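Protein chains: 2
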Amino acid sequence: MNKEDFRNFISSKGLKITKKRDEIFDEVLNTKGHFDPEELYMRLKQKGSKVSRASIYRTIPLLVEIGLIEEVERVDKHAHYERVSADSHHDHMICMKCGKVIEFFSPTLEMLQDEICQRENFHKIRHSLEIFGLCKQCQ
Amino acid sequence: MNKEDFRNFISSKGLKITKKRDEIFDEVLNTKGHFDPEELYMRLKQKGSKVSRASIYRTIPLLVEIGLIEEVERVDKHAHYERVSADSHHDHMICMKCGKVIEFFSPTLEMLQDEICQRENFHKIRHSLEIFGLCKQCQ
DNA sequence: ATCAAATTTAAAATTAAACTCAATAAAAAT
DNA sequence: ATTTTTATTGAGTTTAATTTTAAATTTGAT
Numbered sequence: 000m001n002k003e004d005f006r007n008f009i010s011s012k013g014l015k016i017t018k019k020r021d022e023i024f025d026e027v028l029n030t031k032g033h034f035d036p037e038e039l040y041m042r043l044k045q046k047g048s049k050v051s052r053a054s055i056y057r058t059i060p061l062l063v064e065i066g067l068i069e070e071v072e073r074v075d076k077h078a079h080y081e082r083v084s085a086d087s088h089h090d091h092m093i094c095m096k097c098g099k100v101i102e103f104f105s106p107t108l109e110m111l112q113d114e115i116c117q118r119e120n121f122h123k124i125r126h127s128l129e130i131f132g133l134c135k136q137c138q
Numbered sequence: 000m001n002k003e004d005f006r007n008f009i010s011s012k013g014l015k016i017t018k019k020r021d022e023i024f025d026e027v028l029n030t031k032g033h034f035d036p037e038e039l040y041m042r043l044k045q046k047g048s049k050v051s052r053a054s055i056y057r058t059i060p061l062l063v064e065i066g067l068i069e070e071v072e073r074v075d076k077h078a079h080y081e082r083v084s085a086d087s088h089h090d091h092m093i094c095m096k097c098g099k100v101i102e103f104f105s106p107t108l109e110m111l112q113d114e115i116c117q118r119e120n121f122h123k124i125r126h127s128l129e130i131f132g133l134c135k136q137c138q
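Heads up: the sequence lines are chains A and B, in that order.
At position 114 of the first sequence the residue is numbered 113 (numbering that gives the first Met the number 0), and the sequence of numbers has no breaks.
At position 66 of the second sequence the residue is numbered 65 (numbering that gives the first Met the number 0), and the sequence of numbers has no breaks.
Printed below as a string of structure tokens:
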């Protein structure tokens, strides 16, 4: 996934390649870990970009559609996103006390899900597993 | 879980047993499947109840706390709830095309999660697994 | 370069959910 | 049973996130 892919995607949808979309795409590409629209907006602001929140909110669904990011947990009442790396899907444990998010991955869990979907004739595209509880420190 | 349990729970919290709380509790008890606060409000309205949305929003967290309901998927941007039946926890497959929700349960999956949490010293309280994809009909 | 169509911004609108507060109802005290 | 205390209620206000509007600007095709 690079800027070329993004531009091709935008064009192929009949949309226009603009400075603002590029700026947002670049910033998301450089972002590690979780973020929410407001954080993304502030980070761009600090770098001198003049994008508005509206553009952020309008571009995020495009980034989800192209598969660069995905919506992860909604701990607070707003959406959080995260870069999708084809090779590093993981799920989340969320501490209900301190809000800490622990990432984990279990191949067995993945396979098990595939089996369950096969049984139901369901074509799995993606999944989201969130385990809520208390982290080591908060118990 | 019956009205007695609910009343005891309310009392034990130092709260008061009121007509409105009873009405909301009864309605939720009689509700099968998913619902959101607005649906619950409309259903009560239709039955002649004079509850306000405020009471709905104030009572739902109590029903979650007592374990009668739990928050399930957020297909739209607002919360959806569902009755918890001690003996029938399940997860969801959600069709991205037609919106159909398929419920499933896998003891193996549950155990696997417990194991993963033990490894991480995470005290699991509840979890939510949503598999998105295409149902048999929509593939 | 021209121009229609898409995109932008700032501001207003919308949405779900929480809060405020005077009136009311429930529990406790008398 | 009556009074007193305290919690709950509904209507409307508020908040925070997100979406839409409308006017100005930018893009891409000609």
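The beta carbon of each residue, even a glycine, is placed where N, CA and C say it ideally should be.
Here the structure is a predicted model, which means the values were calculated and not measured.
Within the same chain, show all residues whose beta-carbon is closer than 8 Å to that of residue i, passing over the 5 residues directly before and after it, in chain order.
| i | result |
| --- | --- |
| B:V71 | H33, H79, Y80, E81, H91, S127 |
| B:D113 | K123 |
| B:L108 | D90, L128 |
| B:V63 | E69, E70, Y80 |
| B:K96 | L133, C134, C137 |
| B:D4 | I65 |
| A:K31 | R82 |
| A:R52 | P36, E37, Y40 |
Among the options, which has the Cα closest to the Cα of residue i?
| i | options | result |
| --- | --- | --- |
| A:P36 | A:Y56, A:N29, A:L28 | A:Y56 |
| B:H88 | B:H77, B:D75, B:P106, B:D4 | B:P106 |
| A:L61 | A:C97, A:L14, A:K44 | A:L14 |
| A:G66 | A:K46, A:C97, A:T17, A:L28 | A:L28 |
| B:Q117 | A:R118, A:G132, A:Q117, A:L111 | A:G132 |
| A:N1 | A:K18, A:I16, A:F24, A:K19 | A:F24 |
| A:S84 | A:R125, A:K46, A:Y40 | A:R125 |
| A:G47 | A:K12, A:K19, A:M110 | A:K19 |
Per DSSP, residue i forms a beta bridge with which residues?
| i | result |
| --- | --- |
| A:G98 | None; A:G98 has no bridge partner. |
| A:E70 | A:Y80 |
| A:E129 | A:H91, B:S127 |
| B:F5 | In DSSP, B:F5 forms no bridge with anything. |
| B:F103 | B:D90 |
Since residue i and residue j should fall inside the 8 Å C-beta cutoff, what is the C-beta to C-beta distance between them, to a whole number of angstroms?
| i | j | result |
| --- | --- | --- |
| A:E22 | A:V50 | 6 Å |
| B:F121 | A:I59 | Actually they do not touch by this definition, with Cβ atoms about 30 Å apart. |
| A:I130 | B:F103 | Not a contact, Cβ separation roughly 17 Å. |
Taking 6 Å as the limit between beta carbons, can you name the residues of its chain near residue i, skipping five residues before and five after?
| i | result |
| --- | --- |
| B:C134 | C94, K99 |
| A:L39 | I55 |
Considering only residues of the same chain and omitting the five flanking positions on each side of residue i, which have a CB-CB separation below 7 Å?
| i | result |
| --- | --- |
| A:R42 | E26 |
| B:F8 | I65 |
| B:H77 | D35 |
| A:S10 | I16 |
| A:R6 | I16 |
| A:Q45 | none |
Those runs of the alpha helix (DSSP H) which lie wholly inside the region 13 to 44 of chain A and span at least 4 residues: Qualifying alpha helix (DSSP H) stretches, in chain order: 18 to 28.
Complete alpha helix (DSSP H) runs within the region 46 to 70 of chain B (minimum length 4 residues, chain order): With a minimum length of 4 residues, the continuous alpha helix (DSSP H) runs that stay inside the region 46 to 70 of chain B are 52 to 64.
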